[in-house]
Amino acid sequence: MESIEQAEKPRTGRARNTLFRRLVDIVSMPSSGRLTQQDRHMAADILLDMLFHADNDDRALCARRLAESKEAPRRLLRYLAQCPYKIAAPLLELNEAFDACDLRDVAMTGTPDHRLAIAKRKIVPGMVSDYLADAGEDHVLKELVVNRGAELPEQAIDKLVRRSRDVPELCPLIAERLETIPSHALTLFWWADGATRKRILQRYASDRLEIIDSCKDVFEMMAEEQWADPVARKAIQLIERRQRNRAALERSPFDSLESAINAAALNGMDAQTSQEIGYLSGVKPVTAAKILGDEGGEALAVLCKATGVKRDFLPVLWVALQKELEIEEGVVHPQFKHVSEVYELLSVAKAQTILRYWNWALSSAYSPGAVQSGTEMPEAANEEAEFSAAQRTARLVFGR
1210 MESIEQAEKP
1220 RTGRARNTLF
1230 RRLVDIVSMP
1240 SSGRLTQQDR
1250 HMAADILLDM
1260 LFHADNDDRA
1270 LCARRLAESK
1280 EAPRRLLRYL
1290 AQCPYKIAAP
1300 LLELNEAFDA
1310 CDLRDVAMTG
1320 TPDHRLAIAK
1330 RKIVPGMVSD
1340 YLADAGEDHV
1350 LKELVVNRGA
1360 ELPEQAIDKL
1370 VRRSRDVPEL
1380 CPLIAERLET
1390 IPSHALTLFW
1400 WADGATRKRI
1410 LQRYASDRLE
1420 IIDSCKDVFE
1430 MMAEEQWADP
1440 VARKAIQLIE
1450 RRQRNRAALE
1460 RSPFDSLESA
1470 INAAALNGMD
1480 AQTSQEIGYL
1490 SGVKPVTAAK
1500 ILGDEGGEAL
1510 AVLCKATGVK
1520 RDFLPVLWVA
1530 LQKELEIEEG
1540 VVHPQFKHVS
1550 EVYELLSVAK
1560 AQTILRYWNW
1570 ALSSAYSPGA
1580 VQSGTEMPEA
1590 ANEEAEFSAA
1600 QRTARLVFGR
C-alpha cells in the first residue's frame, strides 16, 4: 500500500524546479530582440499550468519576480493576484500591468486584504472603485476615499454617501473629493460633524445667478398657464429668488416670521408654531421640521440667513428650541458660537440656494399634493407624486 501511495505522489525533483525557474526568468525578462511576445505568452501558459501544482513558496517566488513586470501576461498575473494575500501582495502593491477588469475580478474573488491593497494602488479605475464602494468594507472605503489616484464615479460617491451615515469618518473625506457634487454634499450635511458642515456650506453653496437670469421669463409663462404643470412648478421652486411667503403671511396668526420666532421663545416651540415658521419661510412642513430638529443647529443659520432674519433673532430661535445659549453667565456656548459663525459666512443668495434645495429634495419622497405648499405659487389639483431622482435623495436623508 505504501509503495502505491508513493508512486501516485507527484515528484518535485531537480528537473521540475529548474524548469519552473527558467520559465519565471523568461516571463519576467525585459523585452528584447531575442524574446518575442508570442514566446513570452507561451512560456507563461506553461508556467501557469505548473503553478496549479506548485506549493505556496513557489507561487510567492513567482509573484515577487513579476511584481514590477509590466510585460508579464495578465492571465498569469491574475492567477497570482487571486492567491492568498501574502502571495498576491507584491503584485497588488507594485504591478501596473493590471487593467480595470483584472482588478475588479481580483476584488470580487479576493479577501478584504486584497481589496484594501487595491484601494491603496497608485491608480484605481472607476469601475473598481464602484465595486469597492458596493462591497462596503469600512477600512477599505476610508483608504479608497483618501487615495487621490482613485477615480470615483458618481455611482460610487452615491454609495459612499449612503455608507457615511453609519461611518462618520467618511464624511469629511467625501466632502473634500473633487468628484463630490452639491446633491451629495447637501445630503451628507445632515449627518456630518460641525467642521464638515461648515466646509460643505462654504464649498457647495451657489448664488444661482446664471440659472435665475436664464429662467426669469419662465415665471411669466407659468403664470399665464396658471401654474398648472406640477413638474415645472416643482422645479421652479429651486430657482425662484424670493424666499419668504407673503401669501402665507396673510393667513398666519403672526404678523411676521420674527414674531413667530419670538412667540416660540416665549411659549415654547409647539407643532403649530413650527409649521407657521416653515410656511412663513417659504418651505414645506417636512423641511421646517428637519431644520428645526437639527441637532447641530447649522441648518438654523441657513434658515435665518436665507429668509433675511437678522442675527439678533438667531439666539432667540436657539432658545426657542431649548438649546443651551451659555455654558455659564457671560460665556457663549461653543456650539452656538459655531452656528453664529456659519450664519456670518453665508451670503443671503447662497443660503437661499441651500434652503431651496433642501425644500425641493427633503419633501420629494412625499406626495407633493398631500403637503401644503410653502411657496406663493398656486397649487394644482392633481399634482404628480413621483419625482424619482429627488425621492432617492430624500430616502437617503430620512433613511426610508
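Using the numbering used here, the letters of the sequence shown correspond one by one to residues 1210 to 1609.
The C-beta atom is built at its ideal place from N, Cα and C for all residues, glycine as well.
- With a beta-carbon spacing of about 6 Å, Tyr1413 and Leu1395 fall inside the 8 Å limit used to define contacts.
- Among the bridge pairs identified by DSSP, Glu1429 is matched with none.
- Residue Gly1505 holds the alpha-carbon nearest to the alpha-carbon of His1542 among Thr1562, Val1518, Ala1570, Gly1505.
- Annotation: the continuous alpha helix (DSSP H) that includes Glu1363 extends over 1363 to 1373.
- At a cut-off of 3 residues, the continuous stretches assigned as beta strand (DSSP E) that sit fully inside the segment 1486 to 1537 are 1535 to 1537.
- The beta-bridge partner set that DSSP reports for Ala1359 consists of Val1333.
- Comparing alpha carbon positions, the residue from Ile1445, Ser1373, Ala1384 closest to Thr1562 is Ile1445.
- Counting every other CB atom within 10 Å of its CB across the protein chains shown gives Glu1352 a total of 16 or more, marking it as buried.
- When C-beta atoms of the segment 1474 to 1482 are compared with those of the segment 1506 to 1516, fewer than three pairs fall below 8 Å, so the two segments do not count as touching.
- Beta bridge pairing from DSSP links Val1540 with Glu1537.
- Here Glu1305 is exposed: its Cβ has fewer than 16 other Cβ atoms, across all protein chains shown, within 10 Å.
- Between Arg1287 and Asp1311, the C-beta gap is smaller than 8 Å, which places the two residues in contact.
- Look at the beta carbons and you see the segment 1374 to 1390 not touching the segment 1480 to 1495: under three pairs across the two are nearer than 8 Å.
- CA-to-CA, the gap between Tyr1552 and Ala1560 works out to about 9 Å.
- For Arg1408, the secondary structure class from DSSP, reduced to helix, strand or coil, is helix.
- By the Cβ-count criterion, Leu1275 is buried, with 16 or more other Cβ atoms from all chains shown falling within 10 Å of its own Cβ.
- Distance between Arg1442 and His1348, taken at the CA atoms: about 44 Å.
- Annotation for Glu1388: no alpha helix (DSSP H) segment contains it, and DSSP assigns it neither H nor E.
- Counting other Cβ atoms within 10 Å of its Cβ, Gln1246 stays below 16 and is therefore classed as exposed.
- According to the DSSP assignment, His1323 belongs to the alpha helix (DSSP H) that extends over 1321 to 1328.
- Cys1271: member of the alpha helix (DSSP H) spanning 1265 to 1274, first to last residue.
- Contact check for Ile1420 and Ile1448: beta-carbon distance about 6 Å, within the 8 Å limit, so the pair qualifies.
- The three-state reading of DSSP puts Lys1279 in coil, since its state is none of H, G, I, E or B.
- The beta-carbon distance between His1250 and Pro1299, rounded to whole angstroms, is 22 Å. This is too long to meet the 8 Å contact definition.
- Take Asp1416, set aside five residues on each side of it, and the residues of its chain with a beta-carbon closer than 8 Å to its own are Ser1556, Ala1558, Lys1559, Thr1562, in chain order.
- Taking the Cα of Ser1237 as reference, the smallest distance to any Cα among Arg1371, Ala1290, Arg1273 is reached at Arg1273.
- Rounded to the nearest angstrom, the gap between the Cα atoms of Glu1550 and Asp1322 is 43 Å.
- In chain order, Ala1252 place their CB closer than 6 Å to the CB of Ile1235, counting only its own chain and leaving out the 5 sequence neighbours on each side.
- Cβ contact annotation for Lys1279 (same chain, cutoff 7 Å, sequence separation greater than five): Glu1305, Ala1306, in chain order.
- Apart from sequence neighbours up to five positions away, the residues of its chain that approach Lys1368 with a beta-carbon distance below 8 Å are Asp1339, Ala1342, Asp1343, Gly1345, ordered along the chain.
- In the DSSP assignment, Glu1459 falls within the alpha helix (DSSP H) that extends over 1455 to 1460.
- Collapsing the DSSP output to three states places Leu1555 in coil.
- Comparing alpha carbon positions, the residue from Ala1316, Ala1326, Ile1296, Leu1466 closest to Met1336 is Ala1316.
- Its chain contains Ser1483, Gly1487 as the residues whose beta carbon lies nearer than 8 Å to that of Ala1498, once the 5 sequence neighbours on both sides are disregarded; these appear in chain order.
- In the DSSP assignment, Asp1314 falls within the unbroken alpha helix (DSSP H) covering 1309 to 1318.
- DSSP places Leu1244 in the coil class of the three-state scheme, outside both helix and strand.
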